[in-house]
Amino acid sequence: MSTVRERPGIAVVGDTELVPPVLTGLVGLGHEVVLTGRDAGEARARGRALPEAAGAGEPDFVFVCGAGDSSEVVAAVRARLRGGGVVVNTCAPPWESTHRLGRWIGRDDLALVSQPRVEGWPATAEEFARPECLVIGSASWWAGEAVAALYRSVAAPVLHTDVNSADLLPHAVNGYAAVKQSFVNSLAELCDRVGADVSRVVEALSYDTRFGAFPTGSAPLSAGQHRSLHELLRWSDSGERLLSTALDEPGS
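Per our numbering, residue 267 is the first one in the sequence shown, and the count goes up by one each step.
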């Protein structure tokens with residue numbers, strides 16, 4: 267077990283487009299946060315409003331927000347994080363695997379925590395501070411609790427789990443959304459064939475609490491979502507198979 271300081275220092279590294287809302291969101295929660303190295307210069311050059319670095323020593327936490335340059339991000343974490351510190355992987359590409367990120371960093375004195383953005387990547391600090399759920403995956407009880415404590419002022423349920431389950435969750439969310447979209451696309455084809463109004467059918471389904479809201483158009487992947495989602499969908503060939511399976515096996 268490690269000891270995190272009463273007022274811990276936090277560093278944020280990774281993709282220049284993904285870092286700013288996490289950085290400013292953590293500052294908004296009252297933490298001392300620093301954006302390190304080239305990321306800070308590039309973000310400010312793009313007109314991003316970022317807080318000045320506070321506490322440029324060894325941080326207790328490093329949030330990894332993907333990577334434009336994987337080797338640079340790994341080097342920054344390896345060099346800066348204090349012994350017994352915590353690596354928080356937000357699961358943005360290419361670090362969908364927290365264990366793989368840990369192997370690249372190559373330091374046994376660090377704890378690994380997976381904390382994916384399940385509802386999608388925040389565009390603003392306000393969105394960062396209003397997650398639908400905080401999912402925290404770790405093999406270390408104290409590390410998971412330490413990360414949860416960073417969000418003490420956030421009104422959201424906290425789900426503690428293992429690293430692999432947390433890493434998989436964004437894929438599961440994206441996969442479910444894609445399957446739902448595929449079903450609606452197939453339903454639209456069926457409605458067209460029989461002369462039904464797909465918008466009214468989907469609206470009727472949305473009132474059933476078992477289904478919830480349905481997508482009404484294409485849903486392209488956004489920043490922080492997972493490119494490997496397309497591989498998850500290769501099995502389907504077409505949405506028609508999905509719809510026919512549902513019709514052949516109702517309620518299954």
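Every residue, glycine too, gets a C-beta built ideally from N, C-alpha and C.
- Taking the Cα of glycine 296 as reference, the smallest distance to any Cα among Val285, Pro286 and Ile276 is reached at Ile276.
- When C-beta atoms of the region 455–464 are compared with those of the region 426–436, fewer than three pairs fall below 8 Å, so the two segments do not count as touching.
- For valine 340, the secondary structure class from DSSP, reduced to helix, strand or coil, is helix.
- Rounded to whole angstroms, valine 468 and proline 274 show a C-alpha spacing of 49 Å.
- Contiguous beta strand (DSSP E) elements confined to the region 349–436 occur at 352–355, 377–380, 400–404 and 424–427, taking only those with 3 or more residues.
- Per DSSP, glycine 332 has no beta-bridge partner at all.
- Taking the CA atoms as reference points, asparagine 355 sits about 44 Å from aspartate 463.
- Taking a 10 Å sphere around the C-beta of tryptophan 361, we find 16 or more other C-beta atoms and assign the residue as buried.
- Membership of alanine 277 in the beta strand (DSSP E) is indicated by the continuous run 275–280.
- It is roughly 16 Å from the alpha-carbon of glycine 410 to the alpha-carbon of glycine 368.
- In the structure shown, glutamate 469 adopts helical secondary structure according to DSSP, grouped into three states.
- Boundaries of the alpha helix (DSSP H) around leucine 292: 285–294.
- If you compare the alpha carbons of Ser472, Ala444 and Val278 with that of alanine 342, the shortest gap goes to Val278.
- Each of Thr290, Asp281 and Thr282 was checked against the Cα of phenylalanine 394, and the nearest Cα belongs to Thr290.
- Considering only Ala405, Glu392, Arg366 and Trp370, the residue with the shortest C-alpha distance to alanine 377 is Ala405.
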